[in-house]
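Heads up: the sequence shown runs through residues 3 to 541, numbered per the working numbering.
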Amino acid sequence: MRTRTHGLLLLVGNLLVTNVLLLWPENVTAQPGVGNLGEFSKWAKVEINLASPDSTGLGNPNPFGIAVDGIFTAPSGKTTIVPGFYDGDGKRGHDGNVWKLRFSADELGQWSYRSRSVNRLLNGVTGSFTVRKVAADAPDYIRWGRLEAVGTAEDRIRYLKFRDGPYWLKAGCDDPENFLGKYKNYDTLAERKAAIDYLSEKGINSLYIMSHNIDGDDKDVWPWLGRTTKEAKANGAANSRFDVAKLDDWRLLFEHMQQRGVVVYLILEDDSAWKGYDHARYYREMVARFGFLPALVFNMGEEHNENYKLPAALALMQQLADLDPYDHPRGIHNVNSPDNDYIDAPQIDFTSIQTGSPGARRGLKNALQHNRLAIDWQRRCESRGKRTLMVNFDEGRPEQQRAAWWAAYLAGGVWEAHVLGPYDRPMSAWVKTWTELGGARAFMESLPFWEMQSHNELVTSGQTLCLARPGTAYALYLPAGGKVTINLQANAEYEFAWWDPSNGIRGQFADRGRIAGGERSFTAPSSGDWALRILRIKP
Numbered sequence: 003m004r005t006r007t008h009g010l011l012l013l014v015g016n017l018l019v020t021n022v023l024l025l026w027p028e029n030v031t032a033q034p035g036v037g038n039l040g041e042f043s044k045w046a047k048v049e050i051n052l053a054s055p056d057s058t059g060l061g062n063p064n065p066f067g068i069a070v071d072g073i074f075t076a077p078s079g080k081t082t083i084v085p086g087f088y089d090g091d092g093k094r095g096h097d098g099n100v101w102k103l104r105f106s107a108d109e110l111g112q113w114s115y116r117s118r119s120v121n122r123l124l125n126g127v128t129g130s131f132t133v134r135k136v137a138a139d140a141p142d143y144i145r146w147g148r149l150e151a152v153g154t155a156e157d158r159i160r161y162l163k164f165r166d167g168p169y170w171l172k173a174g175c176d177d178p179e180n181f182l183g184k185y186k187n188y189d190t191l192a193e194r195k196a197a198i199d200y201l202s203e204k205g206i207n208s209l210y211i212m213s214h215n216i217d218g219d220d221k222d223v224w225p226w227l228g229r230t231t232k233e234a235k236a237n238g239a240a241n242s243r244f245d246v247a248k249l250d251d252w253r254l255l256f257e258h259m260q261q262r263g264v265v266v267y268l269i270l271e272d273d274s275a276w277k278g279y280d281h282a283r284y285y286r287e288m289v290a291r292f293g294f295l296p297a298l299v300f301n302m303g304e305e306h307n308e309n310y311k312l313p314a315a316l317a318l319m320q321q322l323a324d325l326d327p328y329d330h331p332r333g334i335h336n337v338n339s340p341d342n343d344y345i346d347a348p349q350i351d352f353t354s355i356q357t358g359s360p361g362a363r364r365g366l367k368n369a370l371q372h373n374r375l376a377i378d379w380q381r382r383c384e385s386r387g388k389r390t391l392m393v394n395f396d397e398g399r400p401e402q403q404r405a406a407w408w409a410a411y412l413a414g415g416v417w418e419a420h421v422l423g424p425y426d427r428p429m430s431a432w433v434k435t436w437t438e439l440g441g442a443r444a445f446m447e448s449l450p451f452w453e454m455q456s457h458n459e460l461v462t463s464g465q466t467l468c469l470a471r472p473g474t475a476y477a478l479y480l481p482a483g484g485k486v487t488i489n490l491q492a493n494a495e496y497e498f499a500w501w502d503p504s505n506g507i508r509g510q511f512a513d514r515g516r517i518a519g520g521e522r523s524f525t526a527p528s529s530g531d532w533a534l535r536i537l538r539i540k541p
């Protein structure tokens with residue numbers, strides 16, 4: 003993999019414009035003297051530096067309050083307005099003269115841009131750049147492009163999809179929520195990257211990351227300037243100021259996550275956290291700095307109800323939607339049963355469900371309830387004539403019982419594993435959970451899961467959950483093993499194969515066979531839970 007930095011410096015009046023490509027596996031050929039800032043691969047980070055008079059991060063006027071936008075025009079003529087941000091000296095120092103625009107292009111060909119600001123030195127800077135195809139050997143989340151909510155009321159698709167790639171089946175890690183905080187196992191960039199590498203190897207493809215927990219659970223994560231929560235509050239309210247060095251560390255981590263196939267699931271506020279910050283400025287900073295990331299998902303806040311009523315939380319997500327030119331998927335945590343207002347809100351794309359308090363729910367019955375809950379959400383969406391939300395469980399209980407996530411997946415839902423503490427331990431402390439969750443993802447991805455719906459009614463005997471596209475593909479989960487009888491569409495032949503739910507991401511199917519359609523019985527290979535895949539054999 004090639005990871006090189008290429009730059010082209012142009013002097014435009016009093017403005018220094020810099021084109022930089024970092025951490026994306028593409029070479030860039032600069033073309034000085036022709037008015038083009040260089041070549042970028044599709045979806046790569048295009049970073050433009052704008053220079054204005056020297057400023058002090060804690061001085062007046064507050065440089066963080068000087069807004070600049072970038073207006074980017076595609077070869078097709080489509081325009082995208084991207085918020086910019088003050089970045090100190092551009093090298094992690096808070097005092098300087100650098101404002102930045104970060105952009106990710108979704109069309110091939112030549113683009114142009116123009117800056118817009120009430121500050122005359124930041125206003126009216128123009129330039130162009132060329133966008134080419136992504137290299138075939140680029141990491142998946144860079145090659146596949148932006149993760150988006152694409153379903154409609156007509157197609158009933160509930161999963162998120164990469165613009166140039168497949169539908170995404172989430173198998174996420176919820177802990178530690180203060181991954182950006184001060185736990186000794188995760189308090190350096192290197193340690194955080196190592197944790198991401200470990201999760202990626204296990205098949206975990208999402209990480210729940212809190213970006214503000216002042217007055218919340220751990221009180222050690224915030225984006226604002228300040229060494230203490232008191233200082234951070236002073237810099238987070240009106241006239242906000244941000245910690246550019248800390249946010250650059252976050253960027254480096256988030257870019258590493260894209261390389262390793264792990265979605266950045268950004269939780270913007272902890273439960274019972276300080277809510278006196280300037281929400282608009284905070285949201286704008288998050289979008290300006292990180293919006294270019296292809297695999298980024300936003301959540302308004304954990305257990306939102308501890309600080310806001312649902313209408314207020316929905317209004318905040320509309321505010322974020324209005325600021326985000328890329329329309330990254332959005333949700334709100336702790337709306338746990340089908341809610342008409344939540345479903346009807348067009349700025350919402352997925353659920354963020356918590357089933358019970360930590361350690362409070364145990365046993366197979368509680369685990370299997372996730373199947374019915376996911377089905378209920380989907381049916382409520384359909385009954386209201388709306389797109390179907392991705393039914394996402396962020397804090398499912400019992401926490402580390404695999405039957406719970408199998409129940410969710412076999413209803414068309416997705417899972418973010420919330421494990422039991424203590425949390426200041428290496429990710430390997432929960433190796434069984436990450437292994438088995440990654441294995442469930444592998445099973446599901448062997449199927450056309452995005453085309454399948456819950457069809458428990460096809461099971462005529464046996465304790466079994468069924469997700470199916472009748473006549474094409476069937477997925478069965480037998481939580482206690484044993485024998486199951488199912489109605490397969492007649493006049494077809496099928497191949498079946500068994501999956502051991504203790505498998506990891508590289509597990510193998512076993513006990514394969516063929517069978518004709520109609521009412522057919524299957525017996526699990528041994529005791530314990532098993533999953534069964536049945537695929538139609540093409541004539």
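Ideal Cβ positions, reconstructed from N, Cα and C, are used throughout, including at glycine.
Item	Value
Taking buried to mean at least 16 other C-beta atoms within 10 Å of its own C-beta, is E521 buried or exposed?	exposed
For the segment 86–94 against the segment 131–151, do three or more pairs of beta-carbon atoms, one drawn from each stretch, fall closer than 8 angstroms, so that the two count as touching?	no
Out of curiosity, what's the CA-to-CA distance linking P27 and L249?	Note on P27: pLDDT 30, under 50, position unreliable in the model; the coordinate value appears next. Roughly 22 angstroms between the two C-alpha positions.
Give me the residue from L60, S448 and A107 with the minimum Cα distance to P77.	A107
Would you mind working out which of L469, W500 and A494 sits nearest G483, comparing C-alpha positions?	W500
Taking all protein chains shown into account, decide if G61 is buried (16 or more other Cβ within 10 angstroms of its Cβ) or exposed.	exposed
Which same chain residues, not among the five before or five after D176, have their C-beta less than 8 angstroms away from its C-beta?	Y210, D396, E397, E418, A419, H420 and V421
Using the rule of at least 16 other Cβ atoms within 10 Å of the residue's Cβ for burial, across every protein chain shown, is D329 buried or exposed?	exposed
Please give me, in chain order, every unbroken run of the alpha helix (DSSP H) with length at least 4 that falls completely inside the segment 163–215.	191–203
Please report the distance separating the alpha-carbon of M319 from that of G278.	17 angstroms
Using 8 angstroms for Cβ pairs, my map puts L255 next to L191. What's the rounded Cβ distance?	6 angstroms
Run through the DSSP bridge pairs and tell me what E401 is partnered with.	Answer by DSSP bridge pairing: none, since E401 is not bridged.
Using the rule of at least 16 other Cβ atoms within 10 Å of the residue's Cβ for burial, across every protein chain shown, is G293 buried or exposed?	buried
Looking only at its own chain, which residues have a Cβ that is under 8 angstroms from the Cβ of N121, when we skip the five neighbours before and after it?	S54, I68 and V70
Would you mind reading off the limits of the alpha helix (DSSP H) that contains L316?	L312 to L325
Would the segment 419–438 count as touching the segment 150–169 if we require 3 or more Cβ pairs under 8 angstroms?	no
Tell me whether the beta-carbon of V265 lies closer than 8 angstroms to the beta-carbon of S208.	yes
Assuming L316 contacts R332 under a Cβ cut-off of 8 angstroms, what Cβ separation, rounded to an integer in Å, is found between them?	Incorrect: roughly 10 angstroms between the Cβ atoms, too far for contact.
Based on Cα-Cα distance, which residue from R363, T474, A442 and L460 lies nearest to P503?	A442
In the DSSP assignment, find the unbroken alpha helix (DSSP H) run with G440 in it and report its ends.	V433 to E447
If we ignore side chains and look at the alpha-carbon of each, how far apart do G358 and H335 end up?	13 angstroms
Can you give me the Cβ contacts of V100 inside the same chain, cut-off strictly under 7 angstroms, excluding the 5 residues immediately before and after it?	N51, A53, D89, G90, D91 and G92
By DSSP's criteria, P85 is part of a beta bridge. Which residues make up the other side?	D71
Since I believe G205 is in contact with G415 (beta carbons under 8 angstroms), could you give me their beta-carbon distance rounded to a whole number of angstroms?	Actually they do not touch by this definition, with Cβ atoms about 18 angstroms apart.
Where DSSP assigns a beta bridge to Y284, which residues make up the other side?	Note: Y284 sits in no beta bridge, so no partner.
Return yes when the Cβ of G519 is within less than 8 angstroms of the Cβ of L490, no when it is not.	yes
With burial defined as no fewer than 16 other Cβ atoms inside 10 Å of the residue's Cβ, what is the status of A314: buried or exposed?	exposed
Below 8 angstroms on the Cβ atoms is my guess for L480 versus D531; work out the distance and round it to an integer in Å.	6 angstroms
If you draw a straight line from the alpha carbon of P63 to that of L295, how long is it in whole angstroms?	31 angstroms
Count the C-beta pairs between the segment 212–232 and the segment 270–284 that are closer than 8 angstroms, then say yes if the count reaches three, no if not.	yes
Can you give me the C-alpha to C-alpha distance between L370 and T474, rounded to a whole angstrom?	25 angstroms
If the criterion is Cβ atoms closer than 8 angstroms, does the pair F352 and N307 meet it?	no
For E193, which of A533, R427, I517 and L534 has the nearest alpha-carbon?	R427
Within 10 Å of its beta-carbon, does G390 have 16 or more other beta-carbons around it, so buried, or fewer, so exposed?	Sequence check: residue 390 is Thr here, not Gly. The residue in question, T390, is buried, as its Cβ has 16 or more Cβ neighbours within 10 Å.
Any idea if N493 is buried or exposed, counting beta-carbon neighbours within 10 angstroms, 16 or more meaning buried?	exposed
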